[in-house]
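Our numbering puts the first residue of the sequence shown at 304, with every later residue one more than the last.
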Amino acid sequence: MDRRYRKVIIAGNWKMNVNPSEAKKLANALLPCAAVRDTTVVLCVPAIDLTVVKRVLRQSRIAVGGQNCHFEESGAYTGETSAQMLANAGAKYVIIGHSERRTMFGDTDEVVRKKVAAAIRDGLRPIICVGESELQREMGMTEDVIRSQVKSAVYGVSADEFRRVVFAYEPVWAIGTGKTATPEDANEICKLIRACLREKYGARPSRGVSILYGGSMNEKNAPALLAMPHVDGGLVGGASLDPDAFAAIVAATK
Ligand code: 13P
304 MDRRYRKVII AGNWKMNVNP SEAKKLANAL LPCAAVRDTT VVLCVPAIDL
354 TVVKRVLRQS RIAVGGQNCH FEESGAYTGE TSAQMLANAG AKYVIIGHSE
404 RRTMFGDTDE VVRKKVAAAI RDGLRPIICV GESELQREMG MTEDVIRSQV
454 KSAVYGVSAD EFRRVVFAYE PVWAIGTGKT ATPEDANEIC KLIRACLREK
504 YGARPSRGVS ILYGGSMNEK NAPALLAMPH VDGGLVGGAS LDPDAFAAIV
554 AATK
């Protein structure tokens, strides 16, 4: 983390867990996470939980976010939720291009690019996920994969809009597997993402963009990961459902 230039963000990704009836309880249990003053805490919840979670958090500094959005504003897209709808329900952030969306729901680089544009258009801050698969890593393709995902996601994002963008490096092989990238590896790839962004936006904007690490982050490995200069926070899956673990991860940013 380098607080001189960038916001430190810990975002929880509840994925397809937590019913609306359980969301109120979990959000209440997570309220103490607001205690670390200079850290932004975001809960990315299922769309159906947004309203209830937002209500619990209304007096708190904790922000809410969606996990995906459609790129159109409205229309005949059965089953989809637009960025504008998320914003209207109180979301400030939205995860875009999560590897689970890319691998299971056909979110190509082109779709990711359109969703990023939609999120910005409707006033949300996209948390753009990039990351290589295990096979890509074994084949030595990590750098190429990251470069092309990053470049494509922000294609068309102006310098002014870029200030709203957050990135997350999530190696696919580390998600939900208990395997974590070493702090050094996570730092190297976050640094690479920043270098790609520097090529497009220049030194100062790229220095200011928050780049999170995600993939089996927990209360034990968070301190070492967050100590790395290019890792500006975490995108936390499983551990975000455990109030004590999540609070400990947030506390590790102190
Ligand atoms: P886990 O923390 O469960 O590995 O999930 C990471 C993730 O995908 C966050 O978006």
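We treat Cβ as the ideally placed atom computed from N, Cα and C, and that holds for glycine.
Item: Alpha carbon of R498 to alpha carbon of S324, nearest angstrom; Value: The sequence given here has Ala at residue 498, not Arg. Cα to Cα, A498 sits roughly 43 Å from S324.
Item: Endpoints, alpha helix (DSSP H) assigned at R497; Value: P486 to Y504
Item: Residues sharing a beta bridge with L344, DSSP; Value: First, the amino acid is wrong: residue 344 is Val here, not Leu. DSSP, once it has assigned bridges, lists I313 as partnering V344.
Item: Any non-hydrogen atom of the ligand 13P closer than 7 Å to V581 Cβ; Value: Absent from the structure is residue 581, since the part of the chain shown begins at 304 and ends at 557.
Item: Nearest candidate by alpha-carbon position, reference M319, set I423, G541, K557 and E522; Value: G541
Item: Contact belief for N331 with V359 at Cβ below 8 Å, rounded distance in angstroms; Value: 6 Å
Item: Whole-Å CB distance - G511 paired with R309, under 8 Å assumed; Value: 6 Å
Item: Beta-carbon contacts of K557 that lie in its chain and below 7 Å, excluding the five residues immediately before and after; Value: V339
Item: For P429, three-class secondary structure by DSSP; Value: strand
Item: Test item: CB-CB of V355 and A394 under 8 Å; Value: no
Item: Sheet register partners of H373 (DSSP bridge); Value: S385
Item: Buried or exposed (CB count within 10 angstroms, at least 16 for buried), I351; Value: exposed
Item: P439 versus P474: straight-line alpha-carbon distance, rounded; Value: A quick correction: the sequence has Gln, not Pro, at residue 439. So the two alpha carbons sit approximately 10 Å from each other.
Item: Pair within 8 Å by beta-carbon distance, L495 and E441; Value: no
Item: C-beta contact flag for F549 and V534 at 8 Å; Value: no
Item: According to DSSP, residues forming a beta bridge with V367; Value: L346
Item: Same chain, Cβ closer than 6 Å to G426, five either side skipped, listed in chain order; Value: A390
Item: Alpha helix (DSSP H) segment containing V356, residue limits; Value: L353 to V359
Item: CB of C347 within 8 Å of CB of A314, strictly; Value: yes
Item: Best match in V469, L515, T406 and R405 for proximity to N428 [C-alpha to C-alpha]; Value: Residue identity check: residue 428 is Arg in the sequence provided, not Asn. The shortest Cα separation from R428 among V469, L515, T406 and R405 belongs to V469.
Item: Beta-carbon contacts of M520 that lie in its chain and below 6 Å, excluding the five residues immediately before and after; Value: G537 and V539
Item: Bounding residues of the beta strand (DSSP E) (the contiguous stretch that carries F470); Value: V469 to Y472
Item: Other residues of its chain near Y247: CB distance less than 8 Å, five sequence neighbours each side excluded; Value: Residue coverage of the chain in this structure runs from 304 to 557, which leaves residue 247 outside it and unanswerable.
Item: G536 (DSSP reduced to helix, strand or coil); Value: strand
Item: For L423, the three-state DSSP class (helix, strand or coil); Value: As written in the sequence, residue 423 is Ile, which differs from the Leu given in the question. Note: I423 maps to helix in three-state DSSP.
Item: First through last residue of the beta strand (DSSP E) which encompasses D514; Value: The identity of residue 514 in the sequence shown is Ile, whereas the question assumes Asp. I514 to G517 is the span of the beta strand (DSSP E), which, as asked, contains I514.
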